[in-house]
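In what follows, a structure is listed as structure tokens, so that the remarks can point back to it.
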Amino acid sequence: MAGNTSIPGASVAARTLALLSTFDESHRAQTLSEMAQRADLAVPTAHRLVGELERWGALVRRPDGRYVIGRRIWDLGLLAPIQTGVREIAEPYVYDLYAATKATVHIAVREGTSVLYIDRISGNESVPVVSKVGSRLPMPPTGVGKVLLAHAPHDIRDEVMASLTRVTPRTLISPQLLEQQLRRVRDEGYATTAEEMTAGACSIAVPVWGPDGVVAALGVVVGTLRGNRPRLLAALQVAARGIGRQLGAPGPVPPGRAGVADSA
Numbered sequence: 152m153a154g155n156t157s158i159p160g161a162s163v164a165a166r167t168l169a170l171l172s173t174f175d176e177s178h179r180a181q182t183l184s185e186m187a188q189r190a191d192l193a194v195p196t197a198h199r200l201v202g203e204l205e206r207w208g209a210l211v212r213r214p215d216g217r218y219v220i221g222r223r224i225w226d227l228g229l230l231a232p233i234q235t236g237v238r239e240i241a242e243p244y245v246y247d248l249y250a251a252t253k254a255t256v257h258i259a260v261r262e263g264t265s266v267l268y269i270d271r272i273s274g275n276e277s278v279p280v281v282s283k284v285g286s287r288l289p290m291p292p293t294g295v296g297k298v299l300l301a302h303a304p305h306d307i308r309d310e311v312m313a314s315l316t317r318v319t320p321r322t323l324i325s326p327q328l329l330e331q332q333l334r335r336v337r338d339e340g341y342a343t344t345a346e347e348m349t350a351g352a353c354s355i356a357v358p359v360w361g362p363d364g365v366v367a368a369l370g371v372v373v374g375t376l377r378g379n380r381p382r383l384l385a386a387l388q389v390a391a392r393g394i395g396r397q398l399g400a401p402g403p404v405p406p407g408r409a410g411v412a413d414s415a
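Here is the structure:
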């Protein structure tokens, strides 16, 4: 249940928020009756409130009758200080990075135990990419996700480690091996993936530092890292340092290995 809103006296706002709270990673599209049940509301009440949410743009009704979160909610989410600041500051660097690499470039932040993509430019290569602006993906199989997970609080890392899921045959699902990877990410200053999220796609990503630590991750997606890794990493580090300076990252951005082995 999203909330005990059947208690007499629950405000209209509480009931409306309860309906919106029924949406999560496991419930992206719901029928009216499903929302009413999860919000602990009578169907007629849910019907009236959902209608108002749909008219306002918070919900969208699909042809199959199920409701999904509308663009209006995403627009509001972009006004959150961390996302607004990072996205606006990063935008010119994201474009410069695309111009330098011609690869798909994206910047993401951590939201709970997921990666939230706040900006993306599609590359010229025909590389399969599943990320979209506003989409959420698991952290372990993505380059930006590994960076964010490596710098996440211990309780977040523990929660993610307890529920590792295989997405492709190459997805890492061993907590011990993943923890080793995350230590390398912290030591070396970057993360890579090879077909862990999507077959035919590899990624490399670096942290974006703010005044109080890592606030985002910047990454590119390519068909292979072989022969490309040093060039892509250098371009990413330049862009990430520029974003970090504008965000107020203190001093030299930590850390990163001076040399990078060119292997994929």
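Here my numbering is used: the first residue of the sequence shown is 152, the next is one more, and so on. Don't be surprised by glycine CBs; every beta carbon is placed ideally from N, CA and C.
Would you say Thr319 and Thr293 are within 8 Å of each other, going by their C-beta atoms? no
Kindly identify the DSSP beta-bridge partner or partners of Asp309. The partner list for Asp309 (beta bridge, DSSP) is empty, contrary to what the question assumes.
Cβ pair Ala259, Val295 closer than 8 Å: yes
Am I right that Leu376 and Thr343 are in contact with their C-beta atoms under 8 Å? What's the rounded C-beta distance? 6 Å
Distance check for Val336 and Ser194, CA to CA, integer angstroms please. In the sequence as presented, Ser is not what sits at residue 194; that position holds Val. Rounded to whole angstroms, Val194 to Val336 spans 49 Å at the Cα level.
By the 10 Å Cβ neighbour count, where 16 or more other Cβ atoms means buried, how is His178 classified, buried or exposed? exposed
Leaving out the 5 sequence neighbours to the left and right, which residues in its chain are closer than 7 Å to Ala412 when beta-carbon positions are compared? Legend: pLDDT at Ala412 = 40, less than 50; position of this residue unreliable, value from coordinates given subsequently. Answer for Ala412: no residue qualifies.
Touching or not, the segment 235-244 and the segment 378-398, by the rule of three or more beta carbon pairs under 8 Å? yes
Nearest to Pro214 by alpha carbon, out of Thr182, Ala313, Ala391, Ala390? Thr182
Counting only the same chain and skipping the five closest in sequence on each side, list residues whose C-beta sits under 8 Å from that of Thr173. Ala153, Gln181, Glu185, Met186, Arg189, Ala190
Going by C-alpha distance, which of Gly340, Pro362, Thr316, His257 is nearest Glu242? His257
Are the segment 354-361 and the segment 378-385 touching, with three or more C-beta to C-beta distances below 8 Å? yes
Own chain, CB closer than 6 Å to Trp207, minus 5 neighbours either side, in chain order: none
Residues of its chain near Arg223, where Cβ-Cβ distance is below 7 Å and the 5 sequence neighbours each way are ignored: Trp207, Gly208, Ala209
Cβ pair Glu176, Ser265 closer than 8 Å: yes
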